[in-house]
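From first to last, the protein sequence lines stand for chains Y and B. Residue numbering for the first sequence follows this note's numbering, beginning at 73 and increasing consecutively. Residue numbering for the second sequence follows this note's numbering, beginning at 9 and increasing consecutively. Don't be surprised by glycine CBs; every beta carbon is placed ideally from N, CA and C.
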Amino acid sequence: MKRRQFSKLVTGLTAGVCMAALSTLSVQAAEPLKVGFVYVGPIGDHGWSYQHDQGRLSVEAEFGDKVKTTYVENVAEGADAQRVIYNLAKTGHDLIFTTSFGFMNPTLKVAKQFPKVAFEHATGYKMAKNMGTYISTTFEGRYVAGYVASQVTKSNKIGYIASFPIPEVIRDINATQLALSKYNPEAELKIIWVNSWFDPGKEADAANAMMDQGVDVILQHTDSPAAMQAAERRGVYAVGQASDMSSFGPNAHLMSVVDEWGPHYINTVNSVMAGTWKPKASVEGMKEGAIVIPSFNESIPANVVAKAKELIAGLKDGSVYPFTGPIKNKAGEVIVPEGTRLAYDELEKMSWYVEGIPSDIPK
Amino acid sequence: MDIDLITNILYAMIRTGTPLLIVAMGELICEKSGVLNLGQEGMMLMGAVVGFIVTLLSGSLLLGFLLAMVAGVLMSLIFGLITMELSANQVATGLALTIFGTGLSAFVGSDFVGKPIAGLDPIHIPVLTDLPIIGRMLFGQDLVVYLSFLLFAAVYWFINYSRPGLVLKAVGENPHAANAIGLPVMRTRYLAIIFGGAMAGLAGGYLSLAYTPLWAENMTAGRGWIALALVVFASWKVERVLLGAWLFGLASILHLVFQGLGFSVSPNLLAMLPYLATIVVLVILSSNQSRSRLVAPMSLGNPFYAKS
Numbered sequence: 073m074k075r076r077q078f079s080k081l082v083t084g085l086t087a088g089v090c091m092a093a094l095s096t097l098s099v100q101a102a103e104p105l106k107v108g109f110v111y112v113g114p115i116g117d118h119g120w121s122y123q124h125d126q127g128r129l130s131v132e133a134e135f136g137d138k139v140k141t142t143y144v145e146n147v148a149e150g151a152d153a154q155r156v157i158y159n160l161a162k163t164g165h166d167l168i169f170t171t172s173f174g175f176m177n178p179t180l181k182v183a184k185q186f187p188k189v190a191f192e193h194a195t196g197y198k199m200a201k202n203m204g205t206y207i208s209t210t211f212e213g214r215y216v217a218g219y220v221a222s223q224v225t226k227s228n229k230i231g232y233i234a235s236f237p238i239p240e241v242i243r244d245i246n247a248t249q250l251a252l253s254k255y256n257p258e259a260e261l262k263i264i265w266v267n268s269w270f271d272p273g274k275e276a277d278a279a280n281a282m283m284d285q286g287v288d289v290i291l292q293h294t295d296s297p298a299a300m301q302a303a304e305r306r307g308v309y310a311v312g313q314a315s316d317m318s319s320f321g322p323n324a325h326l327m328s329v330v331d332e333w334g335p336h337y338i339n340t341v342n343s344v345m346a347g348t349w350k351p352k353a354s355v356e357g358m359k360e361g362a363i364v365i366p367s368f369n370e371s372i373p374a375n376v377v378a379k380a381k382e383l384i385a386g387l388k389d390g391s392v393y394p395f396t397g398p399i400k401n402k403a404g405e406v407i408v409p410e411g412t413r414l415a416y417d418e419l420e421k422m423s424w425y426v427e428g429i430p431s432d433i434p435k
Numbered sequence: 009m010d011i012d013l014i015t016n017i018l019y020a021m022i023r024t025g026t027p028l029l030i031v032a033m034g035e036l037i038c039e040k041s042g043v044l045n046l047g048q049e050g051m052m053l054m055g056a057v058v059g060f061i062v063t064l065l066s067g068s069l070l071l072g073f074l075l076a077m078v079a080g081v082l083m084s085l086i087f088g089l090i091t092m093e094l095s096a097n098q099v100a101t102g103l104a105l106t107i108f109g110t111g112l113s114a115f116v117g118s119d120f121v122g123k124p125i126a127g128l129d130p131i132h133i134p135v136l137t138d139l140p141i142i143g144r145m146l147f148g149q150d151l152v153v154y155l156s157f158l159l160f161a162a163v164y165w166f167i168n169y170s171r172p173g174l175v176l177k178a179v180g181e182n183p184h185a186a187n188a189i190g191l192p193v194m195r196t197r198y199l200a201i202i203f204g205g206a207m208a209g210l211a212g213g214y215l216s217l218a219y220t221p222l223w224a225e226n227m228t229a230g231r232g233w234i235a236l237a238l239v240v241f242a243s244w245k246v247e248r249v250l251l252g253a254w255l256f257g258l259a260s261i262l263h264l265v266f267q268g269l270g271f272s273v274s275p276n277l278l279a280m281l282p283y284l285a286t287i288v289v290l291v292i293l294s295s296n297q298s299r300s301r302l303v304a305p306m307s308l309g310n311p312f313y314a315k316s
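In structure tokens form, the structure reads like this:
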């Protein structure tokens, strides 16, 4: 809320500055490129929105006073998002990043109203003449996490705290299951949906409920480090999401799948400044440095770490691809035939579980 | 379901219900005096952030909890001054307090995100804690949970059996009559507001120091609102607040446990229930007729002007 009021203030100031400029007609210095960011959570979540904001800060560090960045945090997905995005476009932002799946339709609507503004929407699949998408292939990290989890589990029960059943989350659950099926078919994936991206209390409750049921490795697709902390308290392993969560569980922290948005944001700002920006569906992963696994827990056996690093190298050079056929769905039908790879645009619409996941996608 | 699982569910039920119980008891006392403070969420967040920072810097959990309560009290005093001295609308002031507390706590806490502390650990009594089913629920909680039991007993006695409790209810039912017979209306209301603030601060501190020992913006995630609804559910009876808080704890735990066990109940449906109930209750609360049927304090939400 504070930020929104702030952005209103900025609007007012901008209007004032414009009038001052008109009255003197002597300002010749190049206007800084105005870049807006819309976050779904607080920048202090130490997870998803925090990492996007780190990306914003790296844009500021790279371009200095050639850019002016604004961000709006805690924006609810839905109608409110449209108002926020509209305000950013209206206040002269040249490039706007909207960083959550639920901002897709609001972004599209505003993009049509402001054809001269460049929009980039994260994790969605709808595009327009002035609206591109970008996504990082978090599933590469999940695949490695799935492999490591399959090797360190003793109970053969792996927990997965999930947020909402959207394609991105389903895709990552599938990538985890594919790694389990391949490297330890005995391991069972227990999925708990908490229906929130960010609720530390609930995430910790979910982690505890899993551990009560014998889970000894916890993965999460929610944004707070609460599950990591709960795992540390009870002496089991957990995998950090979005940012490096090792400080919340020095012993529990198996690894983190970290999003680095900086490189993409810097490249995009560069192309907008050069006038070469065109909407595209940008997919970046380990190869581009958008997905990083900074460290592995020292208690993981050396051969497992070596194999995990081999997987990372394979994902980088393209020799390893988690969604390579044959892949069956839960009904046992072959969806991806032997030898073919499921394309990115299919992954972005994924709405089915692969074989081996015991539960169903919530309806 | 095996016995260990039931033991753990019961343990988690109490633990999850505790922050709700603490805030709701504070709000109950406040509403009994005729003051509706919708600022619970903001006061909790301030309690959470202050408690966390103090414990991180001083290393003392006790000091953290104390100053969390002080933070809650200071926030409630802002509400008190605006609604009592300036006779501002209580609903609007409470909402503003929540917005203010959310923003201020984010601002104050921005340097403390991502820092871990050693939180308050559950106690362990040999033999008793290891009892099946009820062992962890009754003898394996942390100290704040036991404090919430004591607070419950104190509030129950206060409302039902003490003379100041009678004064509180008189002020909440008809402040003018109370004033006419010489009861201190303003002072009673101030004390009730302060108690509400202290409880919200304590509950916030519980979240950031014991439940999930970390600070993250907006970490209360709507618990203050649920507590408000709980008070209405409980039709302003403290024993029902206790049951409601634990029931809510049980519902939110079962929703997670069932998924882990693979039951095919839609988690969306289960997760929706407490919020749906909150909306229904708030709608009911906004109508005067149903309010009296639900035995709400008669003058709830009305400012008091001493007629001289």
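- At a cut-off of 8 Å between C-beta atoms, Trp265/Y counts as an interface residue with respect to chain B.
- At least one C-beta of chain Y is nearer than 8 Å to the C-beta of Asn226/B.
- By the Cβ-count criterion, Gly232/B is buried, with 16 or more other Cβ atoms from all chains shown falling within 10 Å of its own Cβ.
- For Lys226/Y, the closest of Ile372/Y, Ile157/Y and Ile384/Y by C-alpha to C-alpha distance is Ile372/Y.
- Between the C-alpha atoms of Lys229/Y and Leu261/Y there is a straight-line separation of about 6 Å.
- Residue pairing of Val144/Y in beta bridges, as defined by DSSP: Val110/Y.
- Per DSSP, reduced to three states, the secondary structure at Gly231/Y is strand.
- Our two residues, Tyr214/B and Gly127/B, have alpha carbons roughly 9 Å apart in a direct line.
- Residue state for Asn159/Y is assigned as helix, using DSSP reduced to three classes.
- Here Thr106/B really is in contact with Leu46/B; their C-beta atoms are around 6 Å apart, less than 8 Å.
- DSSP places Ser130/Y within a helical segment (H, G or I) once states are collapsed to three.
- Within chain B, Ala20 have C-beta atoms less than 7 Å from the C-beta of Asn280/Y, given in sequence order.
- Two segments are said to touch when three or more pairs of C-beta atoms, one from each, lie closer than 8 Å; by this definition the stretch 34-53 of chain B touches the stretch 232-247 of chain B.
- Of all C-beta pairs linking the stretch 327-343 of chain Y to the stretch 360-369 of chain Y, three or more are shorter than 8 Å, placing the two stretches in contact.
- Met283/Y is not bridged by DSSP to any residue.
- For His325/Y, the enclosing beta strand (DSSP E) begins and ends at His325 to Asp331.
- Remark: fewer than three beta-carbon pairs, one from each stretch, lie closer than 8 Å, so the stretch 208-223 of chain Y and the stretch 263-276 of chain Y are not flagged as touching.
- For Ser296/Y, the neighbours in chain B by C-beta distance under 9 Å run, in chain order, Thr220, Leu222, Ala224 and Met227.
- A buried status is given to Ala314/Y, since no fewer than 16 other beta-carbon atoms sit within 10 Å of its beta-carbon.
- Within the stretch 252-277 of chain Y, complete beta strand (DSSP E) segments of at least 3 residues are found at 260-265, given in chain order.
- Residue environment analysis places Asn375/Y among the exposed positions, since fewer than 16 neighbouring C-beta atoms fall within 10 angstroms of its C-beta.
- Here Thr209/Y carries a coil assignment [DSSP, helix/strand/coil].
- Beyond the five residues adjoining it in sequence on each side, Lys352/Y comes within less than 7 Å, by CB distance, of Gly204 in the same chain, given in chain order.
- Within chain B, no C-beta atom comes nearer than 7 Å to that of Gln249/Y; the closest sits roughly 15 Å away.
- Using a CB distance cut-off of 8 Å, Thr24/B counts as an interface residue toward chain Y.
- By the 16-neighbour rule on beta-carbons within 10 angstroms, His132/B is exposed.
- Taken in chain order, the whole alpha helix (DSSP H) runs of length 4 or more contained in the stretch 184-258 of chain B are 193-214 and 231-241.
- Per the coordinates, the alpha-carbon of Ala208/B lies some 5 Å from the alpha-carbon of Met52/B.
- The stretch 143-158 of chain Y makes no contact with the stretch 294-309 of chain Y, as fewer than three CB pairs between them are under 8 Å.
- The shortest CA-to-CA distance from Ser113/B to any of Phe60/B, Leu28/B, Pro140/B and Gly102/B is the one to Phe60/B.
- A residue is called buried when at least 16 other Cβ atoms come within 10 angstroms of its Cβ; Asp152/Y does not meet this threshold and is exposed.
- Excluding residues up to 5 positions away in sequence, Val57 and Trp223 lie with their Cβ nearer than 6 Å to the Cβ of Gly117/B in the same chain.
- The beta-carbon distance between Ile338/Y and Ser130/Y, rounded to whole angstroms, is 6 Å. This is short enough to meet the 8 Å contact definition.
- Not a single C-beta of chain Y is nearer than 8 Å to the C-beta of Gly252/B.
- Between Met283/Y and Ile264/Y a beta carbon distance of about 11 Å is seen, past the 8 Å cut, so the two are scored as non-contacting.
- Bridge pairing for Gln313/Y: Val329/Y [DSSP].
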